[in-house]
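Chemist:
As structure tokens, this is what we get:
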């Protein structure tokens, strides 16, 4: 295997060997100066950091992982997050020069990390797990400062729950001819969707994952921070299209309030 890098400006071509075929094995810093590449050599995981201006190798180091699953730069380009296979809960934080800053493990002997996301301010690292929880790490000590779950029932009156309401257009059967003309076929299948505020308490629909199949639909598979790093949107695979917004402790904000939306 190799990676081919094409320059759209100079039309030059560069080749990089030994890339690892994983879900997220290549990541660029936000300013475009550096690229990190996950590699696999002699049954061991490595990370190489390249300078994008001339594709010279800046750093090359091995990672303490069994089967590296993904890498992601912090938005400020100072820290690289590396996480292991879902069979082992482990996330490692490396500096630009390849030094190991910290390692975090929430639990053992169960499916581990499913998703990872940096806050735009680089102050928080959100880690979504197969146990249905999101753990928030801080950028100073790299310790967990809080965790968010996905309960099946919402009883807190301070949480606003939006439920999707789908409404189909009136058919008007008395004015239809058979067979209908072609321009009328598409609008008949269209429907309108809007969100209504549901009254608390609310019981959310949960799905039972198929444990006899690969990649079961469980755990937190989607994480997204707001642009100001105040809010975090998450989605748990066991809940039918349910997303939750939480406010981490940042810049004087209090966490605990949130919004949940449910769709069929």
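Residue numbers (the numbering used here): 8 to 271.
Every residue, glycine too, gets a C-beta built ideally from N, C-alpha and C.
In terms of residues, what are the limits of the beta strand (DSSP E) holding residue 42?
Modeler: The residue you call residue 42 lines up with position 35 of the chain shown. 41 to 48 is the span of the beta strand (DSSP E), which, as asked, contains residue 42.
Chemist: Confirm, please, whether the CB-CB distance from residue 141 to residue 213 is below 7 Å.
Modeler: Residue mapping note: residue 213 aligns to position 206 of the chain shown, counting from 1. Residue mapping note: residue 141 aligns to position 134 of the chain shown, counting from 1. Not in contact: residue 213 and residue 141 (Cβ atoms no closer than 7 Å).
Chemist: In angstroms, rounded to a whole number, what distance separates the CA positions of residue 195 and residue 173?
Modeler: Reading the chain shown from its first residue, position 188 is the one you call residue 195. Reading the chain shown from its first residue, position 166 is the one you call residue 173. With a pLDDT of only 48 at residue 195, under 50, the local geometry of the prediction cannot be trusted, and no value is derived from it.
Chemist: Specify the secondary structure class of residue 166 as computed by DSSP and reduced to three states.
Modeler: Numbered from 1 along the chain shown, position 159 holds the residue referred to as residue 166. Note: residue 166 maps to coil in three-state DSSP.
Chemist: Could you have a look at residue 135 and say whether DSSP puts it in helix, strand or coil?
Modeler: By one-based count along the chain shown, residue 135 stands at place 128. Note: residue 135 maps to strand in three-state DSSP.
Chemist: At 4 residues or longer, what runs of the alpha helix (DSSP H) sit wholly inside the segment 96 to 149?
Modeler: none
Chemist: Got a sec? Which residues, its chain only, sit under 6 Å from residue 72 by beta carbon, not counting five neighbours each side?
Modeler: Position 65 of the chain shown, counted from the first residue, corresponds to residue 72. These residues qualify, in order along the chain: 52, 91.
Chemist: Helix, strand or coil: how does DSSP classify residue 233 here?
Modeler: As a first step, residue 233 must be located in the chain shown, where it is residue number 226. If DSSP states are grouped into helix, strand and coil, residue 233 belongs with coil.
Chemist: Classify residue 200 as helix, strand or coil using the three-state DSSP reduction.
Modeler: On the chain shown, position 193 is the one that residue 200 refers to. Correct three-state label for residue 200: strand.
Chemist: Go ahead and label residue 98 buried or exposed: buried means 16 or more other beta carbons lie within 10 angstroms of its beta carbon, across all protein chains shown.
Modeler: Here residue 98 refers to the residue found at position 91 when the chain shown is read from its first residue. By the 10 Å Cβ count, residue 98 comes out buried.
Chemist: With a threshold of 16 other CB atoms inside 10 Å of the CB of residue 203, please say whether the residue is buried or exposed.
Modeler: Numbered from 1 along the chain shown, position 196 holds the residue referred to as residue 203. Exposed: under 16 other Cβ atoms inside 10 Å.
Chemist: Would you check if the distance between the CB atom of residue 119 and the CB atom of residue 96 is smaller than 7 Å?
Modeler: In the chain shown, the residue the question calls residue 119 occupies position 112. In the chain shown, the residue the question calls residue 96 occupies position 89. Cβ distance < 7 Å, so residue 119 and residue 96 count as in contact.
Chemist: Nearest to residue 216 by alpha carbon, out of 209, 199, 245, 207?
Modeler: As a position in the chain shown, residue 216 is number 209, starting the count at 1. When only C-alpha atoms are compared, the closest one is 245.
Chemist: Look at residue 122 and residue 135 and say whether their C-beta atoms are less than 7 Å apart.
Modeler: Along the chain shown, one-based indexing puts residue 122 at 115. Along the chain shown, one-based indexing puts residue 135 at 128. Yes, Cβ-Cβ distance for residue 122 and residue 135 is below 7 Å.
Chemist: For residue 130, which residues from the same chain have a beta carbon less than 8 Å from its beta carbon, with the 5 sequence-adjacent residues on both sides left out?
Modeler: Looking up residue 130 in the chain shown gives position 123. So the list reads 145, 146, 236, 257, once near-sequence residues are dropped.
Chemist: Give the single residue among 68, 207, 93 whose Cα lies nearest to the Cα of residue 105.
Modeler: Sequence index remark: in the chain shown, residue 105 carries index 98 (1-based). Here the closest residue by C-alpha is 68.
Chemist: Taking DSSP's pairing of strands, which residues face residue 213 in a bridge?
Modeler: Translated into positions along the chain shown, residue 213 becomes position 206. DSSP output for residue 213 lists 246 as bridge partner(s).
Chemist: With DSSP collapsed to three states, give me the class of residue 174.
Modeler: What you label residue 174 is simply residue 167 of the chain shown in a count that begins at 1. Three-state DSSP puts residue 174 in a strand.
Chemist: Since residue 18 and residue 46 should fall inside the 8 Å C-beta cutoff, what is the C-beta to C-beta distance between them, to a whole number of angstroms?
Modeler: Locating residue 18 in the chain shown gives position 11, where the first residue counts as 1. Locating residue 46 in the chain shown gives position 39, where the first residue counts as 1. Wrong, their Cβ atoms sit about 26 Å apart, outside the cutoff.
Chemist: Taking the alpha-carbon of residue 151 as reference, which of 82, 48, 24, 132 has the nearest alpha-carbon?
Modeler: For the purposes of this step, residue 151 is taken as the residue at position 144 of the chain shown. Of the listed residues, the one whose Cα sits closest to residue 151 is 132.
Chemist: Residue 11 by DSSP, collapsed to three states: which one?
Modeler: Locating residue 11 in the chain shown gives position 4, where the first residue counts as 1. Reduced to three states, the DSSP call for residue 11 is strand.
Chemist: Would you list the residues sitting across from residue 275 in a DSSP beta bridge?
Modeler: Absent from the structure is residue 275, since the part of the chain shown begins at 8 and ends at 271.
Chemist: Short check: CB of residue 33 to CB of residue 15, under 7 Å?
Modeler: Against the chain shown, residue 33 aligns to sequence position 26. Against the chain shown, residue 15 aligns to sequence position 8. Cβ atoms of residue 33 and residue 15: not closer than 7 Å.
Chemist: Would you kindly work out how many angstroms separate the C-alpha atoms of residue 30 and residue 80, rounded to a whole number?
Modeler: As a position in the chain shown, residue 30 is number 23, starting the count at 1. As a position in the chain shown, residue 80 is number 73, starting the count at 1. Going from the Cα of residue 30 to the Cα of residue 80 covers about 15 Å.
Chemist: Rounded to a whole number of angstroms, what is the C-alpha to C-alpha distance between residue 139 and residue 94?
Modeler: Mapped onto the chain shown, residue 139 falls at position 132. Mapped onto the chain shown, residue 94 falls at position 87. If I take the Cα positions, the gap works out to 15 Å.
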